[in-house]
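Visitor: Sharing a structure, written as structure tokens. Questions coming.
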Amino acid sequence: MSALPDGGEKQQRLKSLNHMVDYCMIPSCRKSQLVRYFDGASSSSCNERCDVCKQSPNPPLNGTEHARSVVACVQSMIKIDSNVSVKYLALTYRGSRSKEIVNEGYVNAQNHGSGSKDFNSKTMYKFIHLLITGGILQEKLRTVSDTKTTPLLVLGEKASQVLERDFKFVYYK
């Protein structure tokens with residue numbers, strides 16, 4: 098994807114990739130997700146034939162305050178250093194005082210440590226990726242060398258909506 102020039106095709110492929118990630122991460126009926134993706138509406142289920150419907154469901158969690166807090170954290174981190182990766186955000190939001198976080202100055206970022214009680218490493222990465230697929234955060238590819246790119250975080254199209262009072266963000270652990 099990094100070899101594609103910036104533009105419509107690259108954005109469409111990124112959107113498709115985010116749909117695939119959603120399909121894997123969101124615990125709702127697989128059939129319903131596929132019908133919604135191709136048709137736009139879904140009222141039918143799989144009658145408990147898919148992996149999600151066969152398992153006992155995880156209850157939805159209100160992630161609105163954490164979404165707001167993560168957006169503020171990213172804004173603050175970008176002011177310190179514009180090269181914010183998913184890894185650095187996860188470490189910062191969970192309160193890491195590792196050498197790399199201290200050296201980057203992210204221990205001074207707003208909301209450093211705010212997610213330490215509610216997220217372990219795995220659930221933090223999942224939450225961040227849900228914010229990415231939800232358009233709240235966005236990954237921009239930066240070319241490091243001829244054969245290597247690295248994704249860096251920026252605020253997504255929907256980041257400003259997160260700060261509004263009536264915004265709701267639901268996620269599943």
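The numbering of the sequence shown is my numbering, which starts it at 98 and goes up by one.
All C-beta atoms in this analysis are idealised placements derived from N, C-alpha and C, irrespective of residue type, glycine included.
Predicted model, so just to flag it, every value in this text is computed and none were measured.
1. Give the DSSP bridge partners of Leu236, in chain order.
2. Determine contact between the segment 204 to 212 and the segment 225 to 233, defined as no fewer than three beta-carbon pairs at a distance below 8 Å.
3. Could you tell me which of Tyr185, Glu236, Ser182 and Gln130 sits nearest to Cys147, measuring between CA atoms?
4. Give me the DSSP bridge partner(s) of Leu158.
5. Distance, Cα to Cα, Asp136 vs Pro124?
6. Buried or exposed: which applies to Gly202, given that a residue is buried once 16 or more other Cβ atoms fall within 10 Å of its Cβ?
Guide: Based on what the coordinates show:
1. Note that residue 236 is Glu in the sequence shown, not Leu. As computed with DSSP, Glu236 is found in a beta bridge with Leu250.
2. Below 8 Å, too few C-beta pairs join the segment 204 to 212 and the segment 225 to 233 to call them touching: fewer than three.
3. Among Tyr185, Glu236, Ser182 and Gln130, the Cα nearest to that of Cys147 is on Gln130.
4. Answer is Tyr268, bridged to Leu158.
5. Taking the straight line from one Cα to the other gives about 19 Å.
6. Its Cβ having fewer than 16 others within 10 Å, Gly202 is exposed.
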